[in-house]
Each structure stands twice: as structure tokens, then as C-alpha cells.
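Asks: Here our numbering is used: position 169 in the sequence shown is 169, and no number is missing along the way.
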Amino acid sequence: MKPTLYFLRSSEQKILTDMLHYAMRLDDVNKSLSDIPKLAIYNEFYGFTSKDLGLYALVDNKLAGAVWIRRLNADHGSNGYVNDNTPVLTIAVLPEFRGKEIGSQMIEQLFIEAGALYEHISTSIVHNSPSMSFYERHGFVLDDSNSGKKSPVDGADVVTMIKRLQKAEVIRPTDGYDPRRWMD
């Protein structure tokens, strides 16, 4: 099952709102986003600044998941916050698509795109959750300096993980258009 990946645009706010519900596993605790207003920092006004980057996956024209990063600041009080230059990663895969490597394909593409902009990305997860092995497989390591935080969803202990990105120039296919020559 190979997904088709698309960049998230600011006009696709609904995708992020729907995916944030699954990223925070609110379905597991029978809550909604309106129950935890603090989670709005992860999706509110997404794409209105250059601090946001993300993509989503479609499988057979059905939304399967999304992954995005946001550069937040200390005032946001976000779990996963390390510093003002390290964006926080959020990822969600719908339950029927979990275990099919869609999350891995999305996150690997995001690493390529984010590597052109950032040195590191961070994320927060519930301590000792099964998803820790997913992040470790993708090169994240524990950041002990951010211990002692609690999940806004269920109060569980949360840890921060950081990934060092490879600096690479993103090369995309072209149709021959060169914006430097628009006056010709």
C-alpha cells in the first residue's frame, strides 16, 4: 500500500484538525479537541507563517495520515519544546492505516524537506509507549533536559525526543520555468 504524499497548505486546516484528534490519541480516552483547548497550538492558524511545514498521505483517494512541524516558542508551553529554533513534530495515522508503514513514509519525506530548513526536530510522547520504538527507528533520541512534563490528554508522564536532521538541499522536478527569468 503506497500512499501519495501532498504538502499541507494553510487552506487545508480541516485535515490538521481531524488528524490532531488521532495524533493525540483522543479516540483512546474518549475526548475531543474542545475538551483540551491547549492542543490548539499544534494546528491553529497552520501555514500562515514559514514556521510550519507538513504533508499528508492519501491511499486510494482516502486520507490516511498527516505529519507536520511547527516552530513554537517557550510561551506556548508545548510538550516537546526544546528551543525557538527546533520545530515540534506531530504525526497521525488513521487507525485503519496503522501498521502499514504509512507513518514511516510520511516522516522520512518530512525529514528531507525539514533538513533544508532546520538542524533538529523534536517530539513528545508518553513515556514507555509503544510509539517510542517507532521514533527510535527513525533516529530520535531522548532529551533528558525536558523530563517531568505531563500529557495534557491524560496526565501521563511525557518525554521529549530529538532528531538531528541531515542538511540537504531539496531538489524538486521542474517544468523548465525559471522565476529569475520572468521578464524575458
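We put the beta carbon where it would ideally sit given N, CA and C, even for glycine.
Tell me K163's beta-bridge partners as DSSP assigns them.
Replies: Locating residue 163 in the sequence shown gives position 163, where the first residue counts as 1. BP columns for K163 point to I121.
Asks: Going by CA-CA distance only, name the one from Y42, Y135, V59 that's closest to M161.
Replies: To locate residue 161, count along the sequence shown from 1; it is residue 161. When each option's Cα is compared against that of M161, the closest is Y135.
Asks: Is it the case that the Cβ atoms of Q109 and L55 are separated by a distance below 9 angstroms?
Replies: Along the sequence shown, one-based indexing puts residue 109 at 109. Along the sequence shown, one-based indexing puts residue 55 at 55. Cβ distance < 9 angstroms, so Q109 and L55 count as in contact.
Asks: Rounding to the nearest angstrom, what Cα-Cα distance links A92 and T4 in this structure?
Replies: Here residue 92 refers to the residue found at position 92 of the sequence shown. Here residue 4 refers to the residue found at position 4 of the sequence shown. C-alpha separation (whole angstroms): 15 angstroms.
Asks: Determine the DSSP secondary structure at V82, reduced to helix, strand or coil.
Replies: Along the sequence shown, one-based indexing puts residue 82 at 82. The answer is coil: DSSP assigns V82 none of H, G, I, E or B.
Asks: Report the three-state DSSP secondary structure of I69 (helix, strand or coil).
Replies: As a first step, residue 69 must be located in the sequence shown, where it is residue number 69. Here I69 sits in strand by DSSP.
Asks: What does the Cβ neighbour count give for A140, buried or exposed, with the cut at 16 atoms within 10 Å?
Replies: Taking the first residue of the sequence shown as position 1, residue 140 is located at position 140. Just to set this straight, residue 140 is Phe in the shown sequence, not Ala. By the neighbour-count rule (16 or more Cβ atoms within 10 Å), F140 is buried.
Asks: Is the beta carbon of H21 less than 9 angstroms from the beta carbon of S10?
Replies: If you number the sequence shown from 1, residue 21 lands on position 21. If you number the sequence shown from 1, residue 10 lands on position 10. For H21 and S10, no; Cβs fall outside 9 angstroms.
Asks: Hey, L16 and A64: beta-carbon distance below 9 angstroms or not?
Replies: Working through the sequence shown from its first residue, we reach residue 16 at position 16. Working through the sequence shown from its first residue, we reach residue 64 at position 64. No, these two residues do not count as a Cβ contact at 9 angstroms.
Asks: DSSP three-state call for Y42: helix, strand or coil?
Replies: Numbered from 1 along the sequence shown, position 42 holds the residue referred to as residue 42. Three-state DSSP puts Y42 in a helix.
Asks: Given F7, which residues of its chain have a CB within under 7 angstroms of its CB, disregarding the five upstream and five downstream residues?
Replies: Along the sequence shown, one-based indexing puts residue 7 at 7. Taken in chain order, the residues that qualify are L55.
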